[in-house]
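Below is one structure; the comments refer to it alone.
There are 2 protein chains.
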Amino acid sequence: MKLTDLVTPVALIDLPRMQHNIERMQAQVASLGATFRPHVKTSKCVQATEAQIQAGAQGITVSTIKEAEQFFAAGIRDILYAVGLAPNKLAAAGALMRKGCDLKVLTDSVQSAQAIATFGKEQGLCFKVLIEIDTDDHRSGIKPESAALLAVAQALESPGCEIVGVMTHAGSSYDLNTPQALIAMAEQERAGCVRAAERLRAVGFACPIVSIGSTPTALSAKNLEGVTEVRAGVYVFFDLVMHNIGVCTKNEIALSVLTSVIGHQEEKGWAIVDAGWMAMSRDRGTQKQTNDFGYGQVCDLNGQVLEGYTISGANQEHGIVSRAGQPDLEIAKRFPIGTQFRILPNHACATGAQFPEYQALDAHGTVQTWSRFYGW
Amino acid sequence: MKLTDLVTPVALIDLPRMQHNIERMQAQVASLGATFRPHVKTSKCVQATEAQIQAGAQGITVSTIKEAEQFFAAGIRDILYAVGLAPNKLAAAGALMRKGCDLKVLTDSVQSAQAIATFGKEQGLCFKVLIEIDTDDHRSGIKPESAALLAVAQALESPGCEIVGVMTHAGSSYDLNTPQALIAMAEQERAGCVRAAERLRAVGFACPIVSIGSTPTALSAKNLEGVTEVRAGVYVFFDLVMHNIGVCTKNEIALSVLTSVIGHQEEKGWAIVDAGWMAMSRDRGTQKQTNDFGYGQVCDLNGQVLEGYTISGANQEHGIVSRAGQPDLEIAKRFPIGTQFRILPNHACATGAQFPEYQALDAHGTVQTWSRFYGW
Chain D
1 MKLTDLVTPV ALIDLPRMQH NIERMQAQVA SLGATFRPHV KTSKCVQATE AQIQAGAQGI
61 TVSTIKEAEQ FFAAGIRDIL YAVGLAPNKL AAAGALMRKG CDLKVLTDSV QSAQAIATFG
121 KEQGLCFKVL IEIDTDDHRS GIKPESAALL AVAQALESPG CEIVGVMTHA GSSYDLNTPQ
181 ALIAMAEQER AGCVRAAERL RAVGFACPIV SIGSTPTALS AKNLEGVTEV RAGVYVFFDL
241 VMHNIGVCTK NEIALSVLTS VIGHQEEKGW AIVDAGWMAM SRDRGTQKQT NDFGYGQVCD
301 LNGQVLEGYT ISGANQEHGI VSRAGQPDLE IAKRFPIGTQ FRILPNHACA TGAQFPEYQA
361 LDAHGTVQTW SRFYGW
Chain W
1 MKLTDLVTPV ALIDLPRMQH NIERMQAQVA SLGATFRPHV KTSKCVQATE AQIQAGAQGI
61 TVSTIKEAEQ FFAAGIRDIL YAVGLAPNKL AAAGALMRKG CDLKVLTDSV QSAQAIATFG
121 KEQGLCFKVL IEIDTDDHRS GIKPESAALL AVAQALESPG CEIVGVMTHA GSSYDLNTPQ
181 ALIAMAEQER AGCVRAAERL RAVGFACPIV SIGSTPTALS AKNLEGVTEV RAGVYVFFDL
241 VMHNIGVCTK NEIALSVLTS VIGHQEEKGW AIVDAGWMAM SRDRGTQKQT NDFGYGQVCD
301 LNGQVLEGYT ISGANQEHGI VSRAGQPDLE IAKRFPIGTQ FRILPNHACA TGAQFPEYQA
361 LDAHGTVQTW SRFYGW
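From first to last, the protein sequence lines stand for chains D and W. Our numbering puts the first residue of the first sequence at 1, with every later residue one more than the last. Our numbering puts the first residue of the second sequence at 1, with every later residue one more than the last.
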């Protein structure tokens with residue numbers, strides 16, 4: 001199969017770019033002395049994850065129990081479920097552990113810790129638990145200096161579970177766009193998580209795992225002292241949000257949506273394509289950043305960026321391609337019906353999720369189908 | 001199965017509300033003398049579509065070839081593919097026709113009309129084609145008075161196709177929010193499409209089908225003279241965007257996302273739930289409307305609206321529930337871990353698309369699983 005054989009829209013992976021991204025991250029984390037645990041919520045694809053493990057990744061991070069189940073079925077044992085465990089997911093988590101999955105789960109409250117401890121004890125299971133630390137006042141987690149940290153640790157002193165470490169995610173790194181700010185946030189993320197581990201060790205918990213990470217901080221960190229592992233997800237594909245943050249170039253973005261021109265509004269300078277928001281996702285992550293790419297950056301069929309052309313508007317199955325500034329009144333001649341584009345997405349995690357499969361394009365121009373799952 | 005047995009997040013259909021919405025639309029269109037052809041891109045679900053047909057719908061509208069294939073496989077023959085037919089989808093459209101599907105396709109350009117005519121002739125097929133009319137300067141289509149209308153009609157004079165009608169969609173009705181403006185837009189949509197049909201008839205094309213519609217205009221129309229059929233999609237579930245436009249109440253919204261509290265940030269007045277943007281979709285359609293509901297309106301487990309509480313922020317698998325105005329510093333006591341909510345979505349088409357299945361809840365509180373498909 002070749003690109004021009006595909007019926008659009010298609011989620012296309014540029015394999016040389018993906019491989020480059022995987023090796024870049026692995027080398028960065030290894031050079032600072034930590035192991036790397038990719039977050040597979042971005043690809044939800046076994047082949048992409050195998051490429052990460054092949055490059056040296058140790059274990060995976062997941063955002064849903066379904067991801068844990070699917071990747072365990074594909075042969076991966078070491079899985080960190082990095083979302084606070086809800087009571088109604090205890091049974092599924094326990095079932096995975098019984099099957100031999102080396103599952104690690106997360107808590108940031110006494111109430112949830114008690115639920116895990118009680119369920120584990122009742123079921124004769126010992127849950128491996130990480131305590132979630134809030135190092136950037138962003139979302140969930142316990143502040144490193146909070147009294148709640150020790151209260152949660154005490155709630156986990158039970159035959160039903162054991163504390164295996166601390167974990168943080170500096171998600172507010174997504175709001176930054178200078179190397180200096182990113183380096184500082186990476187250090188804040190590291191220092192806060194290490195501090196939480198030290199407080200737990202001071203009262204007798206071994207706390208072997210100190211797990212941190214986000215794509216921007218992982219690629220910006222200069223020092224990982226005290227950190228045992230780093231996590232990142234979207235780096236495998238990158239996207240326009242990461243481009244605006246400053247951690248990749250457009251030419252490193254490995255995921256695009258292949259689309260076809262289906263019509264025009266010539267006097268408006270529009271080409272209409274068959275990638276609307278259902279294909280691109282509704283993610284407008286670049287809207288509040290310095291460069292707003294609408295629903296995506298338009299590239300030609302070979303992946304060359306067509307500067308100034310974006311998907312400036314989208315309905316469910318219609319995208320409007322237009323040029324920034326002066327309308328392109330020659331657009332119908334320039335891009336006649338049937339013209340194919342690759343569209344770089346705002347957010348690879350959201351765009352990938354719209355597709356049941358990827359088409360993986362190798363350096364020789366041939367494509368193969370990689371399955372992808374979704375849901376919970 | 002009951003609601004409390006479900007592992008969250010779940011896409012929940014309130015069946016009595018859905019049935020009410022279906023009957024309301026069917027009665028409105030029938031009272032004005034047209035037939036109704038629902039757009040199934042909203043549900044992508046056979047059972048929901050069967051309920052529409054049971055209520056009197058004649059044929060369906062689809063937004064992708066995959067929808068046409070899936071619903072044809074489920075026994076529905078009369079299908080309008082309401083997106084301009086791209087050259088690379090001619091083969092799949094032709095294959096459906098060969099299997100006996102009464103497929104109707106769309107064009108709005110000479111170039112695409114010629115491609116359909118040529119392919120049809122080569123393959124010994126006669127494509128039934130509607131010409132897309134632009135009645136609101138919104139997206140695709142030909143203006144009713146444009147010379148291009150007759151040029152496209154001429155390009156379709158071929159043994160490979162026949163003109164069966166004209167079609168328009170007044171998508172700009174989504175930008176309105178008063179009954180007066182909606183009534184005027186409905187009339188503009190009707191008059192423009194009827195005018196295009198009259199111009200075609202004046203030069204000898206029979207143009208039997210005059211197809212118009214969007215949920216807001218379909219529910220607002222006072223007169224459908226000259227219109228043969230009306231299309232609408234999102235009305236089957238409704239959503240917060242439709243609520244803001246003024247065509248439904250919150251208590252008519254039939255789709256919600258069932259979610260569980262997994263943590264808190266008490267001092268911020270946050271409850272963290274397991275419905276992030278992956279479950280709600282990234283659609284922020286109410287952002288530019290008068291009432292911005294964030295990522296959704298929070299209701300209790302029984303569907304009662306909790307006024308002022310919305311999902312004010314979202315990450316992939318985390319939603320932040322907070323109260324408008326003063327932070328709810330009692331939120332951890334009010335909504336402890338494990339509390340379940342139903343979240344009304346901004347845009348039902350986008351939220352439904354995130355789920356492989358719906359849980360359909362009947363008036364007796366029992367749920368059954370309805371499958372849903374996605375992709376192209």
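Every residue, glycine too, gets a C-beta built ideally from N, C-alpha and C. Only a predicted model underlies this, so the values are computations on that prediction, with no experimental measurement involved.
Whole-Å CB distance - residue i paired with residue j, under 8 Å assumed
| i | j | result |
| --- | --- | --- |
| W/Val210 | W/Ala197 | 5 Å |
| W/Ser301 | W/Gln340 | Checking the displayed sequence, the identity of residue 301 of chain W turns out to be Leu instead of Ser. Contact holds; Cβ gap of about 5 Å. |
| D/Lys66 | D/Trp376 | 5 Å |
| D/Ile22 | D/Val236 | 6 Å |
| W/Leu125 | W/Ile163 | Wrong, their Cβ atoms sit about 15 Å apart, outside the cutoff. |
| D/Gly294 | D/Ser312 | 4 Å |
| D/Trp270 | D/Val321 | 7 Å |
| D/Ser256 | D/His347 | In fact, because the Cβ distance is near 13 Å, the residues do not count as touching under 8 Å. |
CB contact check: residue i to chain D, cutoff 7 Å
| i | result |
| --- | --- |
| W/Arg282 | yes |
| W/Asn223 | no |
| W/Asp292 | no |
| W/Lys41 | yes |
| W/Pro9 | yes |
| W/Glu317 | yes |
| W/Ser63 | yes |
| W/Ala170 | no |
| W/Gly84 | yes |
| W/Asp108 | yes |
| W/Asn88 | yes |
| W/Gly226 | no |
| W/Gln47 | no |
| W/Lys70 | Strictly speaking, residue 70 of chain W in this sequence is Gln, with Lys absent from that position. False, the Cβ-Cβ gap to chain D never drops below 7 Å. |
| W/Pro208 | no |
| W/Asp239 | no |
| W/Ile13 | no |
| W/Asp362 | no |
| W/Ala350 | yes |
| W/Ser112 | yes |
Residue i at chain W interface by Cβ criterion, 7 Å
| i | result |
| --- | --- |
| D/Asp377 | Because chain D here runs from 1 to 376, residue 377 of chain D falls outside it and cannot be looked at. |
| D/Leu312 | A quick correction: the sequence has Ser, not Leu, at residue 312 of chain D. No, no contact with chain W. |
| D/Trp376 | yes |
| D/Arg139 | yes |
| D/Asp377 | In the structure as shown, chain D begins at 1 and stops at 376. Residue 377 of chain D is therefore absent and cannot be evaluated. |
| D/Gly263 | yes |
| D/Asp175 | no |
| D/Pro179 | no |
| D/Ser146 | no |
Under 7 Å by beta carbon: chain B residues contacting residue i
| i | result |
| --- | --- |
| W/Gly192 | This model lacks chain B altogether, as its protein chains are D and W. |
Strand pairing of residue i, partner residues [DSSP]
| i | result |
| --- | --- |
| D/Glu357 | D/Ser371 |
| W/Lys104 | W/Leu80, W/Lys128 |
| D/His39 | D/Thr61 |
| W/Lys2 | W/Thr366 |
| W/Ala11 | W/Val257, W/Tyr358 |
Beta-carbon contacts of residue i that lie in its chain and below 8 Å, excluding the five residues immediately before and after
| i | result |
| --- | --- |
| W/Cys101 | Ala68, Phe72, Arg77, Ile79 |
| W/Gly308 | Arg323, Ala324, Gly325 |
| W/Tyr374 | Lys44, Ala353, Pro356 |
Simplified DSSP assignment, three categories, for residue i
| i | result |
| --- | --- |
| D/Gly263 | strand |
| W/Gly319 | strand |
| D/Met185 | helix |
| W/Ala232 | strand |
| W/Glu162 | strand |
| W/Trp270 | strand |
| D/Val247 | coil |
| W/Arg17 | helix |
Cut-off 7 Å between Cβ atoms - residues of its own chain near residue i, not counting five sequence neighbours on either side
| i | result |
| --- | --- |
| W/Gly338 | Ser260, Val261 |
| D/Pro87 | Ala115 |
| D/Ser112 | Gly84, Leu85 |
Contact set for residue i: own chain, Cβ-Cβ below 6 Å, skip 5 residues either direction
| i | result |
| --- | --- |
| W/Arg195 | Pro144 |
| W/Ala92 | Ile65 |
| D/Ala74 | Val46 |
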